[in-house]
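One structure is given below, encoded as structure tokens.
In the numbering used here, the protein residues as written are 450 to 857.
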């Protein structure tokens, strides 16, 4: 379980990797002051979508629901300035006397991916926790074919709730924990069988705590596979296509981001220039939650497109399909192209009409949100431009889409 993941050591595996010439320049790194780091260990820092609230888990803290024997409870603190945070509060609605860890939010900030402990220390219980007013509801999710041979794990959910990136030890793992991708099936609470991200991302060591930036391409994660005496380092890679199997050579982030101790759980602020993560300082080697800034050219790629997925045979726009951050960008865009697509099921003429209806749904939504319709161009390509093979349901789900592209 997560309890041991925070301190796990793995055998060092030194591999070839990009070095000094390609490394980001860090302008600043500092430990969050005050009560957040007053009790150690703290793990799994996660930011709200707007960056105003920091969530984290406190381990074996006397103030947890189950007291000092409670392995993880979720706490939060509100940001009061660029460098200070308010007093941590326990998020009672999400906590049990067992292991409770928050792994991320949907774009609305009201739906969270949470692991709620069963108390037996054996099985992951991922749920979607939804907030309505002051009340939270919990919906268990299903990940088809989920098999984890390790008691360690981690998860990341994209803000549109369409994709999970999982850290687990599967039957095809290259070593210990590997990173896998799983896609949501329609609007159900079921995700596809996890698929390994491949040998560029994964090593014979351990890969954990993935964070996919808002560009949908830049992936940060922790790995023991590049030295550091078997302890975790933060690395960065970029997705090269839509297969989820082709990645750029990972870059180990330099000192002071990475230290001789454990560095993991990287999470970017919405601005993309600052991260919160678990690390230590050079002198006292104090573990805790730190902040670090990145030079602009090493931040996630600037957005110029967005993809919306649709349910089978439907042109209804899914909830959270176009987050507020994308709407704000589109309000400033000079030219916007909205292109609808379908899978291969059905006639050419039917799919042509369906793809156009999907594009119109997106246009109508954007117009209601204040985007100038005169700058939007629509088209429907039916099934003529698949981005994935139509032989599997996973491939067909990827093809049921609308692609929004823009120029600033």
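Here a beta-carbon is modelled for each residue, glycine too, at the ideal position from N, C-alpha and C.
Pick from 760, 577, 491 and 582 that is closest to residue 607, judged by C-alpha positions: 577
Please classify residue 690: does DSSP put it in a helix, a strand, or coil? When secondary structure is reduced to three states using DSSP, residue 690 falls in the coil class, being assigned neither helix nor strand.
Run of the alpha helix (DSSP H) containing residue 797, from where it starts to where it stops: 797 to 817
Could you pull the DSSP bridge partners for residue 534 from this structure? Note: residue 534 sits in a beta bridge opposite 528.
What residues in its chain sit with their C-beta under 6 Å from that of residue 772, if we drop five residues either side in the sequence? 556 and 608
Measuring from the CB of residue 617, is there a heavy atom of the ligand SAM at a distance below 7 Å? This structure lacks the ligand SAM; in fact it carries no ligand of any kind.
How many whole angstroms separate the CB atoms of residue 667 and residue 652, which I take to be in contact at a CB cut-off of 8 Å? Actually they are not in contact, since the Cβ atoms of residue 667 and residue 652 sit about 19 Å apart, beyond 8 Å.
How about residue 824 and residue 783: are their beta carbons less than 8 Å apart? In this structure, residue 783 lies closer than 8 Å to residue 824 by Cβ.
Between the region 647 to 662 and the region 613 to 622, can you find at least three pairs of beta-carbon atoms closer than 8 Å? yes
How long is the line joining the alpha carbons of residue 712 and residue 534, rounded to whole angstroms? 22 Å
Use the C-beta contact count for residue 846: other C-beta atoms within 10 angstroms, 16 or more gives buried, fewer gives exposed. buried
Start-to-end residues for the alpha helix (DSSP H) that takes in residue 845: From DSSP, the alpha helix (DSSP H) with residue 845 extends over 842 to 848.
Could you check which residue in 806, 807 and 639 has the C-alpha nearest to that of residue 842? 639
Mapping the DSSP letters down to three states, classify residue 564 as helix, strand or coil. It is a strand residue.
Please confirm whether residue 786 and residue 832 have their CB atoms less than 8 Å apart. no
Mind listing, in chain order, the continuous beta strand (DSSP E) runs of no fewer than 3 residues lying wholly within the region 727 to 783? 737 to 743 and 754 to 758
Along the beta strand (DSSP E) that carries residue 505, what are the first and last residues, could you check? 502 to 507
For residue 508, count the other beta carbons within 10 Å of its own beta carbon; 16 or more makes it buried, fewer makes it exposed. Which is it? A residue is called buried once 16 or more other Cβ atoms fall within 10 Å of its Cβ, and residue 508 is buried on that count.
Just checking my contact of residue 696 with residue 647 at CB under 8 Å: how many whole Å lie between their CB atoms? Sure, about 7 Å apart at Cβ, within 8 Å.
For the candidate residues 552, 740, 600 and 775, whose alpha-carbon lies nearest to that of residue 523? 552
Are the beta-carbon atoms belonging to residue 492 and residue 727 less than 8 Å from one another? yes
If you drop the 5 nearest sequence neighbours on each side, which residues of the same chain put their C-beta closer than 8 Å to that of residue 803? 762, 764, 789, 791, 795, 829 and 831
How would you label residue 521, buried or exposed, when you count the other beta carbons within 10 angstroms and need 16 or more for buried? buried
Nearest by alpha-carbon distance to residue 643: which of 566, 716, 506 and 631 is it? 631
Give every residue of the same chain whose Cβ lies closer than 6 Å to the Cβ of residue 472, excluding the five residues on either side of it in the sequence, and list them in chain order. Here residue 472 scores only 47 on pLDDT, less than 50, and its place in the model is too uncertain to base an answer on.
I need the boundaries of the beta strand (DSSP E) containing residue 542, first residue and last residue. It is not in any beta strand (DSSP E) - residue 542 carries neither H nor E in the DSSP assignment.
Skipping 5 residues on each side, what residues in its chain have a beta carbon closer than 6 Å to that of residue 559? 580
Bridge partners - residue 788, DSSP secondary structure assignment: 828 and 852
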